[in-house]
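I have placed the structure first, in the form of structure tokens, so that the comments after it can refer back to it.
Number of protein chains: 2
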Amino acid sequence: MTTSPRPPAAPPLTERQEARRRRILHTAAQLASRGGFDAVQMREVAESSGVALGTLYRYFPSKVHLLVATMQDQLQLMQEQLRKHPPSAEEPGARVTETLMRTFRGLQREPQLAEAMVRALTFADRSVSAEVDQVSRLTAVLITEAMGLDHPPSREQLAAVRVIEHTWHSALVTWLSGRASIAQVRIDLETACRLLAE
Amino acid sequence: MTTSPRPPAAPPLTERQEARRRRILHTAAQLASRGGFDAVQMREVAESSGVALGTLYRYFPSKVHLLVATMQDQLQLMQEQLRKHPPSAEEPGARVTETLMRTFRGLQREPQLAEAMVRALTFADRSVSAEVDQVSRLTAVLITEAMGLDHPPSREQLAAVRVIEHTWHSALVTWLSGRASIAQVRIDLETACRLLAE
DNA sequence: GGGTAATCTAGAACACGTTCCAATGATGAA
DNA sequence: TTCATCATTGGAACGTGTTCTAGATTACCC
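Protein sequence lines, in the order shown, are assigned to chains A and B.
Just so we're on the same page, our numbering is the position in the first sequence counted from 1, plus 24.
Just so we're on the same page, our numbering is the position in the second sequence counted from 1, plus 24.
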């Protein structure tokens with residue numbers, strides 16, 4: 025409990041360690057892109073990354089930690105893309121919908137990877153809450169930036185962002201489990217974004 | 025794939041079978057109420073229910089199926105309670121918030137059980153989607169009834185119900201993983217319920 | 001009641017996440 | 001350079017979800 029290995033006051037990694045970490049994340053994403061959550065098997069991640077199983081567990085204390093870290097990675101990539109090509113709509117609500125749907129289509133391109141990351145995210149228990157929180161914060165930033173305001177968002181808008189984030193997250197889950205179509209997801213996001221228009 | 029054992033065209037259960045099913049669900053809820061998801065161990069569920077492991081798996085094809093069925097059970101109990109004591113507020117939005125917060129407090133009384141059920145629900149893959157969908161439908165009914173309309177809900181209201189359900193579900197997850205307080209959950213629900221006031 | 005098919009039981013066996021250990025290798029301070 | 005510490009390795013071992021099998025029991029039809 026008191027000695028969490030990675031994030032808090034992380035001792036700087038050597039170059040080799042950084043490389044190992046990258047290799048592991050890359051392998052995880054690759055395996056996930058094929059069979060999804062179940063296909064990310066810790067023994068195989070270790071072997072394909074050229075790392076012992078114990079080492080893998082030193083870098084990522086569980087499979088869920090590993091996949092949540094993968095999600096952080098992917099979110100950051102997405103964020104860079106979005107900053108290069110910001111949404112085109114005028115109204116904040118429409119801008120946010122556009123941004124999230126674009127992100128959605130990005131996930132759609134690697135549905136198995138998406139499944140793996142989202143399963144991990146929702147299955148995470150308290151021991152991963154710091155990392156999950158980081159993902160949540162990244163998402164909130166992504167939404168807020170999409171709004172394209174020139175002044176800080178109001179209290180109501182911040183509350184709306186939370187609901188949009190909930191909707192985004194939950195809609196993603198229902199889509200991944202085959203219980204909602206993309207069209208339905210879009211409608212749900214548009215509905216939630218109505219909260220921004222006030 | 026083609027021979028799913030339980031839900032489609034379920035052959036009627038004998039009395040003994042119905043009793044076994046009940047015993048299993050009861051045991052599962054009991055174990056969950058203590059240690060949560062991890063404490064529901066299939067061998068122990070079987071033993072405590074006086075049933076062989078293979079039989080348990082015949083009734084519930086996986087641990088997730090078992091816990092999702094438990095959630096259906098609990099939701100139905102909650103629904104009966106709510107029908108006996110409907111919310112007191114006037115406005116649909118306030119009525120829904122009141123209802124969901126009351127449900128929330130119900131879950132709070134058995135937080136470990138709640139954790140087990142919600143973890144199962146969000147971890148469920150496609151093989152459980154029918155059962156998860158049933159939970160979703162129950163929740164939607166619960167919300168719609170809470171609105172207390174004397175006419176069918178409008179298209180906008182139905183869309184709002186979906187977003188409220190997403191918010192409810194996702195807020196529950198963040199609360200269970202310790203990343204949001206009850207107060208914050210209430211705020212999020214109130215925000216989502218603003219969509220009903222139009 | 002007798003026969004048959006379905007169900008149930010007990011328990012072994014398997015898969016994969018996770019932990020642990022002894023031996024080896026890298027790193028940094030004196 | 002030498003030593004001490006920490007990281008890494010290979011692999012065994014453990015726990016729990018899931019599957020499988022052989023034999024007992026039950027349900028049901030004649």
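Every residue gets a Cβ at the ideal spot worked out from N, C-alpha and C, and that includes glycine.
Since the model is a prediction, treat every value here as computed from it, not as a measurement.
Check, Outcome
"DSSP-derived helix/strand/coil call for Gln65 (chain B)", "coil"
"Burial state of Glu42 (chain B), where buried means 16 or more other Cβ atoms lie within 10 Å", "exposed"
"Beta-carbon proximity of Gln96 (chain A) to Leu162 (chain A), cut-off 9 angstroms", "yes"
"Closer than 9 angstroms to chain A by CB, Leu106 (chain B)", "no"
"Any C-beta of chain B under 9 angstroms from that of Ser57 (chain A)", "no"
"Under 7 angstroms (Cβ pairs) to chain A, residues found in the region 170–190 of chain B", "Ala183, Ala184, Arg186, Val187, His190"
"Three CB pairs or more closer than 8 angstroms across the region 156–171 of chain B and the region 151–166 of chain A", "no"
"CA-to-CA distance, Ala138 (chain B) to Leu200 (chain B), given in whole angstroms", "8 angstroms"
"CB contact check: Ala140 (chain A) to chain B, cutoff 9 angstroms", "no"
"Supposed contact pair Ser194 (chain A) and Ser194 (chain B) - C-beta distance, whole angstroms, cut 8 angstroms", "5 angstroms"
"Any C-beta of chain B under 9 angstroms from that of His193 (chain A)", "yes"
"8 angstroms contact criterion, which Pro110 (chain B) and Leu173 (chain B) should meet: CB distance rounded", "Wrong, their Cβ atoms sit about 12 angstroms apart, outside the cutoff."
"Extent of the continuous alpha helix (DSSP H) run through His50 (chain B)", "39–57"
"Contact set between the region 144–158 of chain B and chain A, restricted to residues whose Cβ is under 7 angstroms from the partner", "Thr146, Phe147, Ala148, Asp149, Arg150, Ser153, Val156, Asp157"
"Span separating the alpha-carbon of Ala56 (chain A) from that of Arg107 (chain B)", "45 angstroms"
"Every unbroken alpha helix (DSSP H) inside the region 57–141 of chain A [4 residues or more]", "66–73, 77–83, 87–108, 116–133"
"Ala207 (chain B), buried or exposed, once every other Cβ within 10 Å from all chains shown has been counted against 16", "exposed"
"Close beta carbons around Leu37 (chain B), own chain, < 8 angstroms, minus the five adjacent residues each side", "Arg45"
"Any C-beta of chain B under 9 angstroms from that of Val92 (chain A)", "no"
"Cβ neighbour criterion (16 or more within 10 Å) applied to Ser73 (chain B)", "buried"
"Simplified DSSP state of Ala148 (chain A), which is helix, strand or coil", "coil"
"Cutoff 9 angstroms: Thr27 (chain B) Cβ touching any chain A Cβ", "For Thr27 (chain B), the predicted model reports a pLDDT of 34, less than 50, meaning its position is unreliable; a value from the coordinates is still stated below. Chain A, which has no Cβ nearer than 9 angstroms to the Cβ of Thr27 (chain B), makes this no."
"Ala183 (chain A) vs Ile211 (chain B) beta-carbon contact at 9 angstroms", "yes"
"Cα-Cα separation, Gly78 (chain A) to Leu49 (chain A)", "16 angstroms"
"Enclosing alpha helix (DSSP H) for Asp157 (chain A) [first to last residue]", "153–171"
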